[in-house]
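Remarks on the structure that follows.
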Amino acid sequence: MKKIPFILANWKLNGNLLLIKQTLIRLNKERNFLKKLKIAIAPPIIYLSEAQKYIYDNKNIYLAAQNVDAHISGPFTGEISAYMLQEFGIKYVIIGHAERRQFHYEDYKVITKKFLILKQYNLIPVLCIGELYKDYANKEIRNICIKQINPILDVLGIESFKRTIIAYEPIWAIGTGKTPSPEYIQNAHLCIRSYLSQYDDSIAKNVVLQYGGSVNANNVLKILLQSDVDGILLGKSSIHLNEFLSILRIVSNFL
Ligand code: PEP
Numbered sequence: 001m002k003k004i005p006f007i008l009a010n011w012k013l014n015g016n017l018l019l020i021k022q023t024l025i026r027l028n029k030e031r032n033f034l035k036k037l038k039i040a041i042a043p044p045i046i047y048l049s050e051a052q053k054y055i056y057d058n059k060n061i062y063l064a065a066q067n068v069d070a071h072i073s074g075p076f077t078g079e080i081s082a083y084m085l086q087e088f089g090i091k092y093v094i095i096g097h098a099e100r101r102q103f104h105y106e107d108y109k110v111i112t113k114k115f116l117i118l119k120q121y122n123l124i125p126v127l128c129i130g131e132l133y134k135d136y137a138n139k140e141i142r143n144i145c146i147k148q149i150n151p152i153l154d155v156l157g158i159e160s161f162k163r164t165i166i167a168y169e170p171i172w173a174i175g176t177g178k179t180p181s182p183e184y185i186q187n188a189h190l191c192i193r194s195y196l197s198q199y200d201d202s203i204a205k206n207v208v209l210q211y212g213g214s215v216n217a218n219n220v221l222k223i224l225l226q227s228d229v230d231g232i233l234l235g236k237s238s239i240h241l242n243e244f245l246s247i248l249r250i251v252s253n254f255l
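Numbering (full-length UniProt numbering), first residue to last: 1 to 255.
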């Protein structure tokens, strides 16, 4: 049976105080209708404490962070720790996003450290992985995904993938309006799951596999209907409230 679809909204460096309030008020209003979904909002960190005021005992609406530091305290100007996120009731934390790999030079060592620290603080990592267009064209998806999962597997073992989300985000699809076909996405997810199942079948079955990269109201269902797609990571279409809500309604309506 398919898992409850998990939709995560990554606002990146967008939004404002009004948008976070309006988004959570609207989600709360529609929560009965949306209860078949698991939804998390990852606004810029400064809005999390305001957002928290609108998170009740909903059970299906959560807050997420877009980043965490690899240290827990100390001289790391500008950073936020896993402890601080936990203190504010944050449940999910995105790590390894292509933009952090590219613009903040985060490599596999830093990402592995972040993964470990999230586990230590009982936060759920949303580990982003994905290939460049040239690797897509060369059908290198399996190798690239394995290469991005392996550092964590090697250091922390398969057990660390319990209560973990992997977001498959082809780098060339992020923010471009281009997406691979639903069949291609299914195949990529199956590759990731089968790879993990060589280590532990039950962990592989339970790991939540999200797809991210130019998902919108027109393509969300076709993607989510693929058997190994357990959720969606939304960027651009999550910062336009009406578009975001229509995506949630489309998925909810279908279930
Ligand atoms: C993302 O950056 O995680 C993402 C999914 O972005 P977009 O939906 O804008 O492609």
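Idealized CB from N, CA, C, for every residue including glycine.
Taking only beta-carbon atoms, is residue i less than 8 Å away from chain C?
i, result
"Tyr168", "This model lacks chain C altogether, as it is built from one protein chain only."
To the nearest angstrom, how far is the alpha carbon of residue i from that of residue j?
i, j, result
"Asp135", "Ala188", "13 Å"
"Ile9", "Cys145", "Note that residue 9 corresponds to Ala in the displayed sequence, not to Ile. Their Cα atoms are separated by approximately 22 Å."
"Val215", "Ile232", "8 Å"
"Pro5", "Lys38", "6 Å"
"residue 257", "Ser252", "The displayed coordinates of the chain run from 1 to 255. Any statement about residue 257 would go beyond what the structure contains."
"Arg100", "Leu234", "16 Å"
"Gln186", "Pro75", "43 Å"
"Tyr105", "Glu243", "32 Å"
"Ile203", "Leu255", "25 Å"
"Leu221", "Ile250", "7 Å"
"Ile129", "Ile192", "10 Å"
"Lys109", "Glu79", "17 Å"
"Phe161", "Asn16", "33 Å"
"Ala217", "Ile223", "11 Å"
"Ile247", "Lys53", "24 Å"
"Gln22", "Ile174", "25 Å"
"Asp57", "Arg31", "11 Å"
"Asp69", "His240", "28 Å"
"Gln102", "Ala65", "19 Å"
"Gln148", "Gly177", "24 Å"
"Lys59", "Thr77", "34 Å"
Considering only the alpha carbon of each residue, which of the options lies closest to residue i?
i, options, result
"Ile95", "Asp107, Leu24, Leu190", "Asp107"
"Lys61", "Lys91, Tyr199, Ile185", "Residue identity check: residue 61 is Ile in the sequence provided, not Lys. Per the Cα distances, Lys91."
"Asn67", "Gly89, Gln52, Glu87, Pro43", "Pro43"
"residue 263", "Phe115, Ser202, Val229", "Missing from the structure shown is residue 263; the chain here goes from 1 to 255 and no further."
"Leu63", "Ile185, His71, Ser49", "Ser49"
"Leu27", "Leu255, Ser238, Phe254", "Ser238"
"Leu245", "Asn14, Lys29, Asn16, Leu224", "Lys29"
"Ala40", "Ile192, Ile46, Ser202, Trp11", "Trp11"
"Ile152", "Glu79, Ser181, Ile111", "Ile111"
"residue 260", "His240, Ala137, Gln198", "As shown, the chain starts at 1 and ends at 255. That puts residue 260 outside it, with no answer to give."
"Ile7", "Asn32, Lys36, Ala98", "Lys36"
"Tyr211", "Lys205, Asn219, Ala167", "Ala167"
"Ser73", "His240, Ala98, Ile117, Asn32", "Ile117"
"Lys119", "Gln102, Leu156, His97", "Leu156"
"Ala51", "Phe103, Gln148, Leu18", "Leu18"
Spatial neighbours of residue i within its chain, please: C-beta separation below 7 Å, excluding the five flanking residues on both sides.
i, result
"Lys3", "Val208, Asp230"
"Glu131", "Glu140, Ile141, Ile144, Pro170, Ile171"
"Ile121", "A small correction: the amino acid at residue 121 is Tyr; Ile does not occupy that position in the sequence shown. Ala82, Tyr83, Gln86, listed in sequence order."
"Thr164", "Ile124, Pro125, Leu127, Val207"
"Asp200", "Ile158"
"Leu13", "Pro44"
"Lys236", "Gly175"
"Asp154", "none"
"Asn219", "Thr179"
"Lys114", "Val68, Ala70, Ile95"
"Gly213", "Glu169, Pro170, Ala173, Ile174, Thr179"
"Ala98", "Cys128, Gly130, Glu169, Ile171, Ile174"
"Tyr133", "Trp172"
Excluding the 5 residues preceding and the 5 following residue i in the sequence, name in chain order all residues of the same chain whose CB lies nearer than 6 Å to its CB.
i, result
"residue 297", "Here the chain has residues from 1 to 255 only, and residue 297 is not among them."
"Tyr47", "Ile20"
By Cβ distance below 8 Å, which residues in the same chain neighbour residue i in space, the five residues on each side in sequence not counted?
i, result
"Glu183", "Gln226"
"Ile55", "Leu24, Ile61, Tyr62, Leu63, Gly89"
"Asn150", "none"
"Lys205", "Arg193, Ser197"
Q: Could I get the ranges of all uninterrupted alpha helix (DSSP H) runs contained in the region 119 to 180, with 4 residues as the minimum, in chain order?
A: 133 to 137, 141 to 156
Q: Mind listing, in chain order, the continuous beta strand (DSSP E) runs of no fewer than 3 residues lying wholly within the region 184 to 247?
A: 208 to 212, 231 to 234
Q) Quick one: complete alpha helix (DSSP H) runs, 4+ long, within the region 51 to 130? A) 82 to 87, 98 to 103, 108 to 120
Q. Residue ranges of each beta strand (DSSP E) run of no fewer than 3 residues wholly in the region 1 to 29, ordered along the chain?
A. 6 to 10
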